[in-house]
Amino acid sequence: MGTKEFKLPDVGEGVAEGELVSWLVEAGDAVTEDQPVAEVETDKALVEVPSPYNGTVKELFAEEGEIVPVGNVIISFEVEGEGDEVDTTAAESEVEEEVQDLESDDEAAEAPKAPEGRVFAPPSARRLARELGVDITDVSGTGPGGRISDADVRAHAKGGDEPSEPAAGEPTAPETEAATGGAETAPATSQPAASRQQTLAVPATRRVAQELGVDLDAVPTDETRDGEAFVTAEQVRAFAENGQPAQAPAAASNGAATEAGARVETVPYRGVRRTIGNQMAKSKYTAPHVTHHDAVVIDELVDTRRDLKEIAEEKGTKLTYMAFVMKAIVAGLKEYPILNSELDEEAEEIRVKNYYNIGIAVATDAGLMVPVVKDVDKKGLLELADEVNDLASRARDRKITREEMQGGTFTITNFGAIGGEYATPIINVPETAILGLGGIEQRPVVQDGEVVAAHTLPLSLTIDHRVIDGAEAAAFTNTVMEYLENPTKLLL
Amino acid sequence: MVVGDIATGTDVLVIGAGPGGYVAAIRAAQNGLDVTLVEKDAYGGTCLNYGCIPSKAYITATDVAHEAGNAEEMGIHADPAVDLAGMRDWKDGVVDQLTGGVEKLCKANGVNLVEGKASFADENKVRVAHGGEGQGSESIEFEHAIIATGSRPLQIPGFEFADDDVWSSRDALAAETLPESLVVVGAGYIGMELSTVFAKLGVEVTVVEMLDDVLPGYEDDVARVVKKRAEELGIAFNFGEAAQGWEESGAGGITVTTEDTEGEESTYSADKVLVAVGRSPVTDTLELDAAGVETDDKGFIPTDDQARTNVENIFAIGDVAGEPMLAHKASKEGIVAAEVAAGEPAALDYQAIPAAVFTDPEIATVGMTREEADEAGFSTVVGKFPFNASGRALTTGHADGFVRIVAEEDAGFILGAQIVGPEASELIAELTLAVEMGATLEDVASTIHTHPTLAEAVMEAAENAMGQAIHTLNR
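Those protein sequence lines, which keep their order, are chains Z and A.
Residue numbers for the first sequence follow the working numbering, beginning at 1294 and rising by one.
Residue numbers for the second sequence follow the working numbering, beginning at 2 and rising by one.
The structure is reproduced here in structure tokens:
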């Protein structure tokens, strides 16, 4: 028997870390190769990590909920001894080699962290970590070779799973603001709060301050000791009674009223949120966006769908407008293939796709996700409706795989499902176009010189003007509208 | 002070005013605590009175005399006469200035100074016995206590420090006349430093060591440089021999008997014998049981990373808290204990404690040796620079030794360093900072070092580790 360590593999392109959501095994469990041992959430998706070995789980090295950098050992296995290797089939030994390669590649990069939890951080950063209640061995450094800076510690403290409490005597900026801000609107009886860097007090006073939730540095005093402000327990109590409550109305009027008086709630910018942010910034700052707006009268489509809906229901399918829109888009893309393209600036190439994979933007609790329906042109309406519903619900449940969110050639965003008519969607790079759907409602339209009520669907098509010109955008939109106006054309 | 037992109270009680205790007292006072510092003997403790400071004074003074008399190569011909009484007065002056400074600093920071011997009554009270008979005693109640009682020279069977002919390191530094010959038992750092002092003063020095080399704990190539120089100074070494006892011989001399592992005896005649085989913690006079403070089998008080003993409100710092017995370690622990007592989130989270031996040449080390780094699981790289390639070292007439840096191979994080050579004790500071800061070889190599200085050797060693040294061949 030998022990094999297994490091969190690169579970997807460019993924640097993942949250170990749950263990599917525990120490002592027998596992077979490819059996899932853990669920890891990366910035894109929830993935299952399979066991690379047949053997027994020896030890788990990460806690559920822990953010684990790719390349860190997460689990070790007891595996049958070396002698067996002679008998392994070629395929198996390949797997073995791959795993070993991965290990040796990562070993060098990881070496500084490995032995005895040695942390490369200056004393000032280590002290800050203690003050913020951060275990510095959990902080990932951004300095040379992974050295940890003050900023890294602060970032970890803010983004960590547990909100860190500021240490006594170390006011955080918002708190100080709250204290002083409160004092300004306080009744005349209360003294203005102070905001010192350092305050002397005997331990008993510090305890009183802690019990009353008073920041010693905010307690006004005239006393000094050795040139430093000195605060007594009486002053702390007086401040707690008069000065401190003044905070409450101020905070309440701010609408952010918690007892702690936090006026800003800190939310970690990481995972899916950060991925969305990076993607959006990249798209908006590289591709010149132009959005073309139009509205299509779809009375006929409304009727058609109503008729087909019942038939679909009998077959267990919830037929949505989305399926029709996808079909219409494919028709448009076939006529104007440039909208089904990708720009590779480095290669100085525009790649026009002859396949039609349409991404559907889905709002989830964790943020925006875009599952992709593959080969839309080859699928029927019911099939598309089923697939969209399935992908969307799994995206909301975070059960979608990375692969299911890759390979799109064009994207639809259906903000109208929530409300609104027009928007300026941001292109899902490296695609070059995205179509936004407004809400389907009866709106006044002019038909034969008369204003009448008709079901309309507002469209917002954003294009990458580097690749697509406005005329093509308008022509494409016209084609899509034509198909939506006359859904029977979709049959052709 | 009145006769009898009166009780007073204090936030923090510090026992012992050495480099651990007085630093702890001052920091606690700076943090607004009411502090009482109890000292039974002399402010500044062993370090200032009987250890670091007086020995360094003697080392420097004897260097001056020895160098002046051995500088024919530089065209200087002199035969300095050493007046031991004068040398001792100068040394005592330095000590007085420093200990007086400690007392003033404590007072200026509002520390209450109490002279006497403290022992615990319970976990919140000590009794302090003042000076001689009839001087009375007082009880002091405390919220926090910091034990900083230090250590004393270790006595071995057969050699009582009470005898005039048997010296501890403290006796050696207070000697009124020079012996003609001296047997030194122990070739550790204290034995080696003092052997060098007396050899340079013309005393015939014989070192007896139970182990088989000088300076146990230091790497062979480091210790070798010092041993070679010591032999040049005329010091005779006898390894693998344990000192058994001594007796008076005729004409005021003594004979020291040793025994090797085979049981074979040897005898050495001398005027005095200096026993420097280590130090033991001073915990036996404190009545620690009364407070419930535990000690280990060697008498040391185990502590956690905040210098706390097993009793929540009682801290132990410095030599009593265990190896390494170094003043700067004591001071750091004192600061941490004081800050923790004041409710601050301090902790002993240093990466490395530098250590220096003031032999000729000096040795200074910090962090890991290559072997230790390898054992810890690092893939390591080392860089070395010999002082005989240093322009400045050659101009000082001291070019023995080298700087060696141990680093982690991948990112180049500096893990440790060993320096043997001129001013090693000063040069180690840069590398200590590097270890603490998580600095890399590149950081040190890319920092401009003044020319011509010994410190350039540090930069060159870093460059050597990177394969980019200018003044040595890169391996």
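Glycine is no exception: its CB is placed at the ideal position from the N, C-alpha and C atoms.
Residue i: contacting residues in chain Z (beta-carbon distance under 8 Å)
i	result
residue 413/A	1438
residue 468/A	Per Cβ cutoff of 8 Å: no residues; residue 468/A is ~17 Å from chain Z at best.
Residue i (DSSP reduced to helix, strand or coil)
i	result
residue 1659/Z	coil
residue 423/A	coil
residue 296/A	coil
residue 309/A	strand
residue 386/A	strand
residue 269/A	strand
residue 125/A	coil
residue 1742/Z	coil
residue 43/A	coil
residue 1343/Z	strand
residue 169/A	coil
residue 1542/Z	With a pLDDT of only 39 at residue 1542/Z, under the threshold of 50, the placement of this residue in the model should not be trusted, and no figure is reported.
residue 1611/Z	coil
residue 1638/Z	coil
residue 1587/Z	strand
residue 337/A	helix
residue 1508/Z	coil
residue 1468/Z	Any reading at residue 1468/Z must be qualified, since the residue scores a pLDDT of 39, below 50, and its modelled position is unreliable; no value is offered.
residue 1696/Z	helix
residue 239/A	strand
residue 111/A	coil
residue 1405/Z	With a pLDDT of only 40 at residue 1405/Z, under the threshold of 50, the placement of this residue in the model should not be trusted; the figure read from the coordinates follows. Coil, per DSSP.
residue 31/A	helix
Alpha helix (DSSP H) segment containing residue i, residue limits
i	result
residue 1721/Z	Here residue 1721/Z belongs to no alpha helix (DSSP H), and DSSP marks it neither H nor E.
residue 1594/Z	1592 to 1607
residue 140/A	Run containing residue 140/A: none in the alpha helix (DSSP H); it sits in the beta strand (DSSP E), 138 to 148.
residue 1524/Z	Per DSSP, residue 1524/Z belongs to no alpha helix (DSSP H) and is neither H nor E.
residue 207/A	Segment 205 to 210 is the beta strand (DSSP E) holding residue 207/A; no alpha helix (DSSP H) there.
residue 197/A	190 to 201
residue 444/A	442 to 446
Under 7 Å from the C-beta of residue i: neighbouring residues of chain Z
i	result
residue 438/A	1415
residue 441/A	1437 and 1438
Burial state of residue i, where buried means 16 or more other Cβ atoms lie within 10 Å
i	result
residue 1449/Z	buried
residue 105/A	exposed
residue 75/A	exposed
residue 1325/Z	exposed
residue 92/A	buried
Chain-ordered chain A contacts of residue i [CB-CB under 8 Å]
i	result
residue 1523/Z	33
residue 1493/Z	32 and 33
residue 1423/Z	346, 347, 348 and 350
Residue i: contacting residues in chain A (beta-carbon distance under 7 Å)
i	result
residue 1419/Z	350
Residue range of the unbroken beta strand (DSSP E) whose run includes residue i
i	result
residue 1682/Z	Careful: residue 1682/Z lies outside any beta strand (DSSP E), inside the alpha helix (DSSP H) at 1674 to 1689.
residue 315/A	315 to 317
residue 1710/Z	No beta strand (DSSP E) contains residue 1710/Z, which DSSP labels as neither H nor E.
residue 1358/Z	No beta strand (DSSP E) holds residue 1358/Z; DSSP gives it neither H nor E.
| query | Pairing CB atoms from the region 229 to 238 of chain A with CB atoms from the region 250 to 264 of chain A, are three or more of them under 8 Å? | reply | no
| message | Three or more C-beta pairs under 8 Å: does that hold for the region 1678 to 1688 of chain Z against the region 1653 to 1667 of chain Z? | response | yes
| said: Across the region 455 to 475 of chain A and the region 403 to 410 of chain A, are there enough close Cβ pairs to call them in contact, namely three or more that are closer than 8 Å? | reply: By the Cβ test, the region 455 to 475 of chain A is in contact with the region 403 to 410 of chain A, since at least three Cβ pairs between them sit closer than 8 Å.
| query | Is it true that the region 34 to 48 of chain A meets the region 11 to 20 of chain A, where meeting means three or more beta-carbon pairs spaced less than 8 Å apart? | reply | Cβ pair count under 8 Å is three or more, so yes.
| said: Does the structure place the region 1366 to 1373 of chain Z close enough to the region 1312 to 1331 of chain Z that three or more beta carbon pairs sit under 8 Å? | reply: yes
| query | Do three or more CB pairs link the region 1646 to 1659 of chain Z to the region 1697 to 1704 of chain Z at distances below 8 Å? | reply | yes
| said: If contact is defined by three or more beta carbon pairs under 8 Å, each pair taking one atom from either stretch, is the region 406 to 415 of chain A in contact with the region 387 to 397 of chain A? | reply: Contact between the region 387 to 397 of chain A and the region 406 to 415 of chain A is absent, because fewer than three Cβ pairs lie under 8 Å.
| task | Indicate whether the contact test is met: 3 or more Cβ pairs, each with one atom in the region 269 to 279 of chain A and one in the region 1758 to 1777 of chain Z, closer than 8 Å. | result | no
| message | Below 8 Å, how does it come out for the region 1717 to 1735 of chain Z and the region 1686 to 1700 of chain Z: are there three or more Cβ pairs, yes or no? | response | The region 1717 to 1735 of chain Z, when compared against the region 1686 to 1700 of chain Z, does not touch it at the 8 Å Cβ threshold.
| Are the region 362 to 372 of chain A and the region 334 to 350 of chain A touching by the rule of at least three beta carbon pairs closer than 8 Å? | Under the three-pair Cβ rule at 8 Å, the region 362 to 372 of chain A does not count as touching the region 334 to 350 of chain A.
| message | Under 8 Å: do the region 1627 to 1645 of chain Z and the region 1756 to 1763 of chain Z share three or more Cβ pairs, one atom per stretch? | response | yes
| task | Answer yes if the region 156 to 169 of chain A comes into contact with the region 36 to 47 of chain A, meaning at least three C-beta pairs across the two stretches below 8 Å, and no otherwise. | result | When C-beta atoms of the region 36 to 47 of chain A are compared with those of the region 156 to 169 of chain A, fewer than three pairs fall below 8 Å, so the two segments do not count as touching.
| said: Under 8 Å, with one C-beta from each stretch per pair, do the region 300 to 308 of chain A and the region 330 to 342 of chain A reach the 3-pair mark? | reply: yes
| message | Any contact between the region 282 to 294 of chain A and the region 312 to 329 of chain A? By contact I mean 3 or more CB pairs, one from each, below 8 Å. | response | yes
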